[in-house]
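The next block holds one structure in the form of structure tokens; read it before the comments.
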Amino acid sequence: MRMVVGILISLNGYPLIFFFKESLGLAPGSTAFTAAFLGLGYLLMVPTTVFRKLYRCNPFLLRFGVIFLVFCIISMYIYPSMFFDSYTQDMLYYLYIFIFLFLLINIPNDIIEVFIPITVAFAVVSNLALVYALLTDPTWTIGSRAAIQYGEGEYRTGNPHVFARNALICVVACGIWVTQPKTHFLARIFALFSGVFSMGILVLTQVRSSILALGIIIFLFLFFNVRPAQIKSVLRQLVRPTSLIVLGLVFIGVSYFIRKNIDLYAVLYGYAVAFVERNMENIYALFGLKSADNFSAALDASASNRATSFLYLRILLEGHLHVILYGQGYKSVYLDVPMLEALVNHGFIGFVIFACLILSMLVYSLKAMRDNPDPLSTFLAYFYIYMFVQMFSVGRPYEMAHWQPLCMMIRFIGIDHLFPSRLLNRPPKLAPQLS
């Protein structure tokens with residue numbers, strides 16, 4: 004449990020970091036506090052067998068991951084952007100990534116037994132911390148994106164992406180916990196309510212990439228786990244008198260809850276409507292149409308930045324193809340699309356290495372969704388869909404927030420055949436012996 008908490012601090016600790024720094028006022032704006040908190044996570048990850056017992060990881064993913072990181076470090080010194088000068092800071096980021104990967108290789112596979120429950124508890128605490136911060140923040144108003152604010156005056160802002168990520172982690176972990184046959188009834192109820200609560204948080208953050216990833220995750224879960232025969236069986240059970248009575252009681256309970264909490268319902272409904280309207284505005288603008296109020300539609304700031312990034316790529320393809328072949332240099336431009344930036348900054352070679360890593364992880368994830376080998380592999384497989392969406396929507400290819408989940412994939416995905424049978428959902432079938 005200690006090691007899992009350490010992993011989660013590194014993987015998903017930013018919501019609590021913002022809470023402690025800004026909401027509780029322990030160290031406002033301090034990067035040293037962030038580094039110390041992440042260091043605490045690394046300290047908790049250290050097993051008693053460190054350096055004495057190493058565990059195998061996915062060799063294919065490890066090879067591509069290390070090659071890309073080393074390629075970036077070499078590019079940073081040999082082929083940097085003319086505006087880049089933060090060598091020490093970036094090397095510290097890479098050091099944190101390699102330390103995290105090394106500690107994961109030292110951590111035993113036994114964490115699979117407790118990973119999902121601890122993840123749910125950790126994410127719920129982070130969600131509650133966000134709710135407390137919003138209720139006690141006089142500058143936050145209903146309708147704004149849910150995030151802990153930091154900064155002063157007109158520069159005061161927040162990062163809803165980290166809270167959307169935490170909510171999505173909770174939804175995925177709760178879904179896996181609920182569907183595990185060994186889960187206790189009370190734990191299943193707790194997981195169900197925690198998942199619904201996290202989906203509400205996800206709506207409040209209004210992060211498109213997270214909501215899109217959740218939609219894809221739900222589709223893939225239904226695709227790999229629901230068969231036509233199961234749908235027919237469920238429909239037959241729903242028309243039974245007992246099922247109709249239960250559904251009626253649930254409907255009455257939900258209606259009563261909505262009437263008693265009409266303000267909460269109105270807030271969530273308003274967020275959902277605003278989210279749909281803003282995205283429809285982007286769709287109208289993309290096709291050059293007018294919005295619903297008959298005015299010319301325009302892209303919002305986030306969509307406009309990405310449209311500008313792809314326009315930049317188009318200019319390079321039409322008149323500066325040599326840039327695509329060799330790259331412009333380490334961190335030469337910030338495009339906010341990791342796959343695109345890997346191509347523009349690092350050229351064809353860097354893009355191929357990074358793309359092979361990302362697509363290989365997707366293949367391993369789809370296989371884990373199909374086979375459902377163990378709770379941790381299944382969790383990482385569905386959570387990776389969120390990371391895959393982010394590779395085309397937000398961030399840079401060398402961000403530590405991206406590489407910590409990728410290190411988890413390198414350590415645990417696609418190697419379930421190496422795990423003891425007691426950690427698997429279905430023990431492997433023994434080969435028939437010849438008499």
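For the sequence shown, the positions run 4 to 438 when the working numbering is used.
The beta-carbon is built from N, C-alpha and C at its ideal position, and this holds for glycine as well.
Please look up how many angstroms separate the CB atoms of residue i and residue j, rounded, as I've assumed it's under 8 angstroms.
i, j, result
"Leu-41", "Gly-16", "7 angstroms"
"Cys-60", "Ile-418", "7 angstroms"
"Ile-151", "Ala-136", "5 angstroms"
"Ile-12", "Gly-44", "3 angstroms"
"Thr-208", "Phe-166", "5 angstroms"
How far does the alpha helix (DSSP H) with residue i in it reach, from first residue to last?
i, result
"Thr-139", "115–139"
"Lys-24", "Per DSSP, Lys-24 belongs to no alpha helix (DSSP H) and is neither H nor E."
"Thr-245", "244–263"
"Thr-439", "No answer is possible for residue 439: the residues shown for the chain start at 4 and end at 438."
"Asn-112", "Per DSSP, Asn-112 belongs to no alpha helix (DSSP H) and is neither H nor E."
"Glu-344", "341–374"
"Phe-391", "378–393"
"Leu-11", "5–15"
"Thr-52", "Careful: Thr-52 lies outside any alpha helix (DSSP H) and carries neither H nor E."
"His-405", "403–415"
Tell me residue i's beta-bridge partners as DSSP assigns them.
i, result
"Tyr-153", "Thr-160"
"Ile-145", "Ser-147"
"Pro-83", "Tyr-333"
Quick one: using the 10 Å Cβ neighbour count with 16 as the cut-off for buried, is residue i buried or exposed?
i, result
"Lys-235", "exposed"
"Arg-429", "exposed"
"Gln-331", "buried"
"Val-257", "exposed"
"Gln-393", "buried"
"Glu-321", "exposed"
"Asp-377", "buried"
"Met-85", "exposed"
"Gly-218", "exposed"
"Leu-225", "exposed"
"Tyr-385", "buried"
"Val-210", "buried"
"Pro-423", "exposed"
"Phe-200", "buried"
"Met-94", "exposed"
"Pro-111", "exposed"
"Glu-344", "buried"
Under the three-state reduction of DSSP, which class applies to residue i: helix, strand or coil?
i, result
"Tyr-329", "helix"
"Ser-213", "helix"
"Gly-44", "helix"
"Val-229", "coil"
"Pro-427", "Looking at the sequence shown, residue 427 is not Pro but Leu. Correct three-state label for Leu-427: coil."
"Leu-195", "helix"
"Phe-67", "helix"
"Ile-418", "coil"
"Cys-60", "coil"
"Val-174", "helix"
"Lys-396", "Note that residue 396 is Ser in the sequence shown, not Lys. Three-state result, Ser-396: coil."
"Ala-38", "helix"
"Ala-275", "helix"
"Ala-269", "helix"
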